[in-house]
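Scroll down for the structure; my scribbles are underneath it.
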């Protein structure tokens with residue numbers, strides 16, 4: 001199994017599919033603008049949230065730097081509280097461990113709250129292949145699970161679908177024979193609530209991701225707005241929390257500063273509707289919570305990023321703010337990236353986790369260098385800088401086509417001298433007449449753009465002419 | 473109302489919750505009647521509460537609920553035997569869950585619940601309506617102060633839940649819908665006793 005699942009369709013196909021999908025275009029524009037405006041307003045009216053963000057960023061960077069010690073501490077604490085810890089290096093290791101626990105407890109039905117890391121390791125496919133019934137319970141994830149699709153947005157996985165499509169999907173997949181399903185959004189939500197409630201009550205195992213892992217006490221924090229993670233952590237007798245090792249924070253001081261940031265930056269709330277804080281399995285005297293709690297700490301390529309030039313990307317809190325401001329994401333949506341991690345963060349993270357062979361085209365083709373993502377990122381991750389750096393890697397590894405490489409080399413040579421530049425202006429004037437826009441490097445570029453008109457006498461030519469006249 | 477109480481009420485209401493001040497101990501009865509009259513539905517008459525000994529004393533819960541067609545179950549009465557499944561069955565069918573709170577925070581409009589032997593998380597989660605009985609002295613100015621209290625308590629509760637308004641989603645076309653998996657109707661009665 002690959003480290004990171006990849007859409008086999010090439011980028012031009014993914015791009016054109018997205019651009020021709022009018023539902024996606026309408027829905028995505030609406031969702032990203034709404035979330036972005038909410039983020040801006042939330043920080044503006046909440047100065048202490050901004051102060052906490054600055055402290056959180058510094059502490060998070062330190063936590064990543066020191067994660068070896070902190071992960072050991074978290075493991076000790078979880079074990080001391082009666083939990084079990086598994087360090088998993090690969091997607092297969094996660095699947096094997098979860099299946100082993102499921103076998104020990106005769107688990108048949110699994111309920112999950114939304115978790116990008118389980119998308120990364122394709123956990124549902126692994127569990128379903130072994131005969132388990134797995135149900136996503138976040139409304140957006142539920143919708144795309146029924147449609148056999150991947151999330152198109154970190155926070156709003158079904159942002160590419162409209163109510164009519166979802167109504168048809170429910171009728172085709174989960175509605176009982178003759179059961180009416182309305183197109184009204186409120187009714188669609190109520191329908192999903194009723195269906196999922198049965199799954200919650202009958203599940204033997206719950207699986208969550210984790211937004212933060214506090215080393216000091218071995219505490220896992222899970223954030224949702226729907227309350228589904230509360231169901232998952234409260235109802236089933238076995239709970240598995242699967243967490244990327246970069247989710248580590250040092251202590252409760254650090255948690256206090258960072259806990260509000262995903263909601264502030266992601267959806268413009270001061271705190272999500274539900275924050276679940278798990279520090280152990282059910283205490284003997286308590287009557288709610290899982291009898292057994294397992295924490296899987298996933299590496300899957302993260303150790304390779306640590307200590308290198310892209311270490312800052314490990315500070316990401318998966319708020320989705322960079323997606324909402326990105327002009328490329330707003331056009332092509334998450335599926336355009338061909339990776340479960342989309343948007344600017346996915347452009348950097350996907351090739352780092354999944355390799356340049358699979359995802360090397362993302363930094364080259366899916367960024368306009370507008371720097372909006374860097375301004376929006378609450379953790380100040382220098383995403384544009386990292387994208388440039390990945391482009392340099394792509395060039396040094398000669399990943400562009402020979403035609404493109406040759407044209408850029410000739411262009412570079414031409415503009416490296418003043419005389420070469422002047423000759424290029426003359427050449428451009430000629431090319432304009434010959435309608436060269438239909439061939440070579442310019443061909444694709446000029447499909448949707450107008451070539452600037454090259455003046456018959458440029459400023460420099462005019463200046464040189466007048467200068468000669470003045471001195472003669 | 474203290475500053476923290478009124479700031480909490482404002483924030484909680486902005487999130488879609490309801491907040492009712494209870495001015496004096498004598499006002500608990502009329503306040504409860506007012507809020508429960510909006511919560512109890514004939515199709516789901518069960519009202520489940522888990523009086524952890526820290527609720528306002530001496531209130532006629534059974535009588536108030538019966539007045540609006542409801543049936544009150546004190547989950548403590550189920551405690552002691554094979555109560556886990558019984559409690560779960562009851563809470564699953566209930567229309568209203570009533571809980572206290574460990575603390576609340578004004579700046580984020582947050583109520584914190586701990587899973588202990590005498591408190592309930594599922595009563596705050598499964599029924600479509602959740603009523604929270606909150607003491608003014610339990611309300612901190614910030615959620616940071618509340619989190620410090622969780623940690624400072626010495627023995628960390630194994631499960632802590634922070635509720636900041638009703639359950640909601642915007643997963644279909646970005647349109648906000650209240651009440652997905654958790655309750656859509658959340659109300660706080662805030663006073664002293």
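Residue numbers (the working numbering), protein chains in the order written: chain B, 1 to 472; chain A, 473 to 665. Where a beta carbon is used, it is the ideal one built from N, C-alpha and C, also for glycine. This structure is a prediction, so every number in the text was calculated from the model and none was measured.
Any chain A beta carbon closer than 8 Å to residue 18 of chain B: Position 18 of the first chain, counted from the start, is the residue given in the question as residue 18 of chain B. So, not an interface residue.
Beta-carbon gap between residue 583 of chain A and residue 635 of chain A smaller than 8 Å: Within the second chain, the letter at position 111 stands for residue 583 of chain A. Within the second chain, the letter at position 163 stands for residue 635 of chain A. Yes. Within cutoff.
The region 103-120 of chain B / the region 133-145 of chain B touching (three or more Cβ pairs under 8 Å): Taking 8 Å as the limit for Cβ pairs, the verdict is that the region 133-145 of chain B does touch the region 103-120 of chain B.
CB contact below 8 Å: residue 264 of chain B versus chain A: Locating residue 264 of chain B in the first chain gives position 264, where the first residue counts as 1. Closer than 8 Å: no.
For residue 412 of chain B, the three-state DSSP class (helix, strand or coil): In the first chain, residue 412 of chain B corresponds to position 412, counting from 1. In the structure shown, residue 412 of chain B sits in a helix (DSSP, three-state: H, G or I).
Which of helix, strand or coil DSSP assigns to residue 519 of chain A: In the second chain, residue 519 of chain A corresponds to position 47, counting from 1. Looking at residue 519 of chain A - three-state DSSP - the assignment turns out to be strand.
Proximal residues, the region 505-534 of chain A versus chain B, C-beta separation under 7 Å: Listed in chain order, the positions of the region 505-534 of chain A with a beta carbon within less than 7 Å of a beta carbon of chain B would be empty, since no residue qualifies.
Residue 314 of chain B versus B/199, B/58, B/72, residue with shortest Cα-Cα distance: Within the first chain, the letter at position 314 stands for residue 314 of chain B. Nearest C-alpha to residue 314 of chain B: B/58.
Contact set between the region 636-653 of chain A and chain C, restricted to residues whose Cβ is under 8 Å from the partner: Looking for chain C here will not work: the only protein chains present are B and A.
Touching by the beta-carbon criterion (3+ pairs, under 8 Å), the region 563-573 of chain A and the region 620-632 of chain A: Fewer than three Cβ pairs drawn from the region 563-573 of chain A and the region 620-632 of chain A lie within less than 8 Å of each other, which leaves the two stretches out of contact.
Per-residue burial, residue 488 of chain A [other beta carbons within 10 Å of its own, 16 or more giving buried]: Translated into positions along the second chain, residue 488 of chain A becomes position 16. The residue is buried, with at least 16 neighbouring Cβ atoms inside 10 Å.
In DSSP terms, what residue 418 of chain B is bridged to: Along the first chain, read from residue 1 onward, the residue named residue 418 of chain B stands at position 418. DSSP, once it has assigned bridges, lists no residue as partnering residue 418 of chain B.
Endpoints, the alpha helix (DSSP H) within which residue 57 of chain B is located: Translated into the one-based positions of the first chain, residue 57 of chain B becomes position 57. Taken as a continuous stretch (DSSP letters only), the alpha helix (DSSP H) holding residue 57 of chain B covers 47-65.
C-beta neighbour in chain A for residue 79 of chain B, strict 8 Å: Within the first chain, numbered from 1, the residue matching residue 79 of chain B stands at position 79. At least 8 Å separates the CB of residue 79 of chain B from every CB of chain A.
Sub-8 Å separation of residue 377 of chain B and residue 327 of chain B beta-carbons: Along the first chain, one-based indexing puts residue 377 of chain B at 377. Along the first chain, one-based indexing puts residue 327 of chain B at 327. Residue 327 of chain B is positioned such that its CB atom lies no closer than 8 Å to that of residue 377 of chain B.
Residue nearest to residue 323 of chain B in terms of C-alpha spacing, selected from B/373, B/358, B/434: If you number the first chain from 1, residue 323 of chain B lands on position 323. Shortest Cα-Cα distance from residue 323 of chain B to any of B/373, B/358, B/434 involves B/373.
Residue-level contact to chain A via CB, residue 231 of chain B, 8 Å cutoff: Locating residue 231 of chain B in the first chain gives position 231, where the first residue counts as 1. It does: the Cβ of residue 231 of chain B has a partner Cβ on chain A nearer than 8 Å.
Interface residues of the region 270-281 of chain B facing chain A [CB-CB below 9 Å]: Listed in sequence order: 270, 271, 272, 273, 274, 275, 276, 277, 278, 279, 280, 281.
Proximal residues of chain B, C-beta to C-beta of residue 594 of chain A below 8 Å: The sequence position of residue 594 of chain A within the second chain is 122, counting from 1. Those are 234, 235, 288, listed as they occur along chain B.
Residue-chain proximity (residue 58 of chain B, chain A), Cβ-Cβ < 8 Å: Here residue 58 of chain B refers to the residue found at position 58 when the first chain is read from its first residue. No, residue 58 of chain B lies away from the interface with chain A (no Cβ there is under 8 Å from its Cβ).
Residue 232 of chain B versus residue 218 of chain B - alpha carbon distance: Against the first chain, residue 232 of chain B aligns to sequence position 232. Against the first chain, residue 218 of chain B aligns to sequence position 218. Taking the straight line from one Cα to the other gives about 19 Å.
Chain-ordered residues of the region 406-422 of chain B with a beta carbon less than 7 Å from chain A: For chain A, none of the residues of the region 406-422 of chain B brings a beta carbon within less than 7 Å of one of its beta carbons.
8 Å Cβ cutoff, residue 162 of chain B in contact with chain A: By one-based count along the first chain, residue 162 of chain B stands at place 162. Chain A, which has a Cβ nearer than 8 Å to the Cβ of residue 162 of chain B, makes this yes.
Contacts around residue 472 of chain B, its chain only, beta-carbon distance under 6 Å, and the 5 residues preceding and following it disregarded: Here residue 472 of chain B is taken as the residue at index 472 of the first chain, counted from 1. Because residue 472 of chain B carries a pLDDT of 48, less than 50, the predicted location of this residue cannot be relied on, and no value is offered for it.
Minimum length 4: unbroken alpha helix (DSSP H) runs contained in the region 142-209 of chain B: Listed in chain order, they are 163-173, 185-202.
Identity of the residue in B/201, B/180, B/200 nearest residue 191 of chain B by Cα: Reading the first chain from its first residue, position 191 is the one you call residue 191 of chain B. Residue nearest to residue 191 of chain B within the set B/201, B/180, B/200 is B/180 (criterion: CA-CA distance).
C-beta neighbour in chain B for residue 568 of chain A, strict 8 Å: Position 96 of the second chain holds residue 568 of chain A. So no, residue 568 of chain A is outside the interface.
Cβ distance (whole Å) where residue 483 of chain A is taken to contact residue 580 of chain A below 8 Å: As a position in the second chain, residue 483 of chain A is number 11, starting the count at 1. As a position in the second chain, residue 580 of chain A is number 108, starting the count at 1. Taking 8 Å as the upper bound for CB-CB distance, residue 483 of chain A and residue 580 of chain A are in contact here, some 7 Å apart.
Range covered by the beta strand (DSSP E) that runs through residue 322 of chain B: Numbered from 1 along the first chain, position 322 holds the residue referred to as residue 322 of chain B. Segment 321-325 is the alpha helix (DSSP H) holding residue 322 of chain B; no beta strand (DSSP E) there.
Check whether residue 537 of chain A and residue 606 of chain A have beta carbons under 8 Å apart: Here residue 537 of chain A corresponds to residue number 65 of the second chain, with the count starting at 1. Here residue 606 of chain A corresponds to residue number 134 of the second chain, with the count starting at 1. Contact annotation: residue 537 of chain A and residue 606 of chain A have beta-carbon atoms that are not nearer than 8 Å.
The region 31-49 of chain B contacting the region 146-160 of chain B, beta-carbon criterion three pairs below 8 Å: Under the three-pair Cβ rule at 8 Å, the region 31-49 of chain B counts as touching the region 146-160 of chain B.
Cross-strand partners of residue 546 of chain A (DSSP beta bridge): Sequence index remark: in the second chain, residue 546 of chain A carries index 74 (1-based). Paired residue(s): A/521.
Per-residue DSSP class, three states only, for residue 472 of chain B: Within the first chain, residue 472 of chain B is the residue found at index 472, counting from 1. Here residue 472 of chain B scores only 48 on pLDDT, less than 50, and its place in the model should not be relied on; the value that follows carries that caveat. Of the three classes helix, strand and coil, the one that applies to residue 472 of chain B here is coil, per DSSP.
Interface residues of chain A facing residue 463 of chain B [CB-CB closer than 7 Å]: To locate residue 463 of chain B, count along the first chain from 1; it is residue 463. Within 7 Å Cβ-Cβ: nothing; residue 463 of chain B doesn't reach chain A, min ~54 Å.
Endpoints, alpha helix (DSSP H) assigned at residue 256 of chain B: Position 256 of the first chain, counting from 1, holds the residue named residue 256 of chain B. Counting along the chain, the alpha helix (DSSP H) containing residue 256 of chain B begins and ends at 252-258.
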